[in-house]
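*Asks:* In UniProt numbering, the protein residues as written are 1 to 336. Ideal Cβ positions, reconstructed from N, Cα and C, are used throughout, including at glycine. Being a predicted model, the structure only gives us computed values, none of them experimental. Structure provided below as structure tokens; questions to follow.
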Amino acid sequence: MCGSGRIGRVHAANIAAHPGVNLAWVADPVISSASEVAALYGARATGSTDDVFADTSLDAVVVCSPTPTHIDLIRAAVGRGVAVLCEKPIDLDIGRVRSCLADLAGSTAAVMMGFNRRFDPAFAAIRQRVQAGEIGRLEQLTITSRDPAPPPASYIAASGGIFRDMSIHDLDMARFFIPDVVEVTAHGANVSSDYIAEAGDFDSAAITLRGRNGELVSITNSRHSAYGYDQRLEAFGSQGMLRADNISPTTVRSFGTLAVEGADPYEPFFLERYAAAYRRELDAFVDAIHTGIPCSPGFEDGMAALILADAAAESASTGKTIAIEEVITHEGALRK
Ligand SMILES: NC(=O)c1ccc[n+]([C@@H]2O[C@H](COP(=O)([O-])OP(=O)(O)OC[C@H]3O[C@@H](n4cnc5c(N)ncnc54)[C@H](O)[C@@H]3O)[C@@H](O)[C@H]2O)c1
Numbered sequence: 001m002c003g004s005g006r007i008g009r010v011h012a013a014n015i016a017a018h019p020g021v022n023l024a025w026v027a028d029p030v031i032s033s034a035s036e037v038a039a040l041y042g043a044r045a046t047g048s049t050d051d052v053f054a055d056t057s058l059d060a061v062v063v064c065s066p067t068p069t070h071i072d073l074i075r076a077a078v079g080r081g082v083a084v085l086c087e088k089p090i091d092l093d094i095g096r097v098r099s100c101l102a103d104l105a106g107s108t109a110a111v112m113m114g115f116n117r118r119f120d121p122a123f124a125a126i127r128q129r130v131q132a133g134e135i136g137r138l139e140q141l142t143i144t145s146r147d148p149a150p151p152p153a154s155y156i157a158a159s160g161g162i163f164r165d166m167s168i169h170d171l172d173m174a175r176f177f178i179p180d181v182v183e184v185t186a187h188g189a190n191v192s193s194d195y196i197a198e199a200g201d202f203d204s205a206a207i208t209l210r211g212r213n214g215e216l217v218s219i220t221n222s223r224h225s226a227y228g229y230d231q232r233l234e235a236f237g238s239q240g241m242l243r244a245d246n247i248s249p250t251t252v253r254s255f256g257t258l259a260v261e262g263a264d265p266y267e268p269f270f271l272e273r274y275a276a277a278y279r280r281e282l283d284a285f286v287d288a289i290h291t292g293i294p295c296s297p298g299f300e301d302g303m304a305a306l307i308l309a310d311a312a313a314e315s316a317s318t319g320k321t322i323a324i325e326e327v328i329t330h331e332g333a334l335r336k
């Protein structure tokens, strides 16, 4: 694997625990970090990804390095016929993503994008039940995603902005239900973090998407939330509604004179909230490699989410609704 930071350590633990795979290498230019993680799981550590790709016994690589490194690592892996699970986003520049997609044409190596929320048991169950027709025709999707606290200024400066960094997960979740999005309208605001405003970014965002069949998606994002990591989803249809609420570490409820049904605080942040999703994501990647079925979400899904994020950023800065000319179908194919 490439990168042994926050998310790399989650994937390393899951790879090591998976019965069908071995963690062979941990590559990170911060060799002390690579060595620390490699030692935990009996893998080899290196400061250079070249060592990883020189290993001809490698079947797959998990890319957990900073976003600007993703495209080069995808190219290196695919060029050697090695399957890739790459963290989101593919890149912050849609031009580079398009050029990479063109270069991947004809290659057989699997590429999967790390949109882990598709593998959250609750969200995946809602999607499966919507597809089974339980709520009739899907009319509205409401996605709430608020981080517990804003990241530091250094993170904001390199993030690509709230739409490409944070909303991209929710835009992918929208596409998980409604792949053919035709219109994006977005608003951004700065309500609590001066340094985010000074960086030209927003700490609060609201996005509306319109699906090809008239479905409406509402996404609400905030870089902070006083009550913790807020991750909810609601699907509304002609025959009913399906909803997934926040998750607490236990089901204990307190009852007192001032309040009832008091739950523990929510899971603190993504590492805890989506722990099961990261495991299921890896399971899906390994299954795809073993069975040869296409990886999902694939490279095109990563590109589609970035197209929507770019449109949201454009809408928020111009005040206009942005039409999406490209459609990425359920099968992941790009068509005009
Ligand atoms: N899916 C999710 O829930 C999720 C969550 C967090 C981060 N991410 C994504 O994962 C990526 C990494 O984020 P993070 O928070 O773990 O960052 P991080 O800074 O904690 O870790 C990144 C690690 O990669 C190393 N690195 C730098 N250049 C490298 C290279 N060329 N090859 C190998 N390793 C290299 C760094 O030294 C560092 O140890 C980002 O693209 C981010 O958007 C996804």
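Could you tell me whether the segment 283–291 touches the segment 126–141, where touching means 3 or more Cβ pairs closer than 8 Å?
*Replies:* no
*Asks:* Assess contact between the segment 163–175 and the segment 221–240, defined as three or more Cβ pairs (one per stretch) separated by less than 8 Å. Is contact present?
*Replies:* Remark: three or more beta-carbon pairs, one from each stretch, lie closer than 8 Å, so the segment 163–175 and the segment 221–240 are flagged as touching.
*Asks:* Can you have a look at Y227 and say buried or exposed, based on whether 16 or more other CB atoms are within 10 angstroms of its CB?
*Replies:* So Y227 ends up on the exposed side.
*Asks:* Got a sec? Which residues, its chain only, sit under 8 Å from S33 by beta carbon, not counting five neighbours each side?
*Replies:* S4, G5
*Asks:* Give the list of continuous beta strand (DSSP E) stretches no shorter than 3 residues that lie fully inside the segment 119–166.
*Replies:* 138–146
*Asks:* How many whole angstroms separate the CB atoms of A76 and S48, which I take to be in contact at a CB cut-off of 8 Å?
*Replies:* Between S48 and A76 the Cβ distance is about 11 Å, and since that is not below 8 Å, they are no contact.
*Asks:* For A102, count neighbouring C-beta atoms within 10 Å of its own C-beta (all shown protein chains included) and say buried if the count is 16 or more, exposed if not.
*Replies:* A102 comes out exposed.
*Asks:* Where do the ends of the beta strand (DSSP E) carrying C86 lie?
*Replies:* 83–87
*Asks:* Since E281 is in the beta strand (DSSP E), which residue starts that stretch and which ends it?
*Replies:* From DSSP, E281 is part of no beta strand (DSSP E) but of the alpha helix (DSSP H) over 275–291.
*Asks:* From V21 to C295, what distance separates their C-alpha atoms?
*Replies:* 17 Å
*Asks:* May I ask you to list the residues that DSSP assigns as paired with E234?
*Replies:* T142, R243
*Asks:* Identify whether A54 lies in helix, strand or coil by the three-state DSSP scheme.
*Replies:* coil
*Asks:* Measuring only from the beta carbon, is T46 closer than 7 Å to any heavy atom that is part of ligand 1?
*Replies:* Not under cutoff, so the answer is no.
*Asks:* Under the three-state reduction of DSSP, which class applies to G20: helix, strand or coil?
*Replies:* In this structure, DSSP gives G20 a state outside helix and strand, which the three-state scheme calls coil.
*Asks:* First and last residue of the alpha helix (DSSP H) that includes S193?
*Replies:* Note, S193: premise wrong, no alpha helix (DSSP H); not H, not E.
*Asks:* Taking the straight line between their C-alpha atoms, what separation do you get for S57 and V30?
*Replies:* 24 Å
*Asks:* Mapping DSSP to helix, strand and coil, what is G114?
*Replies:* For G114, the secondary structure class from DSSP, reduced to helix, strand or coil, is strand.
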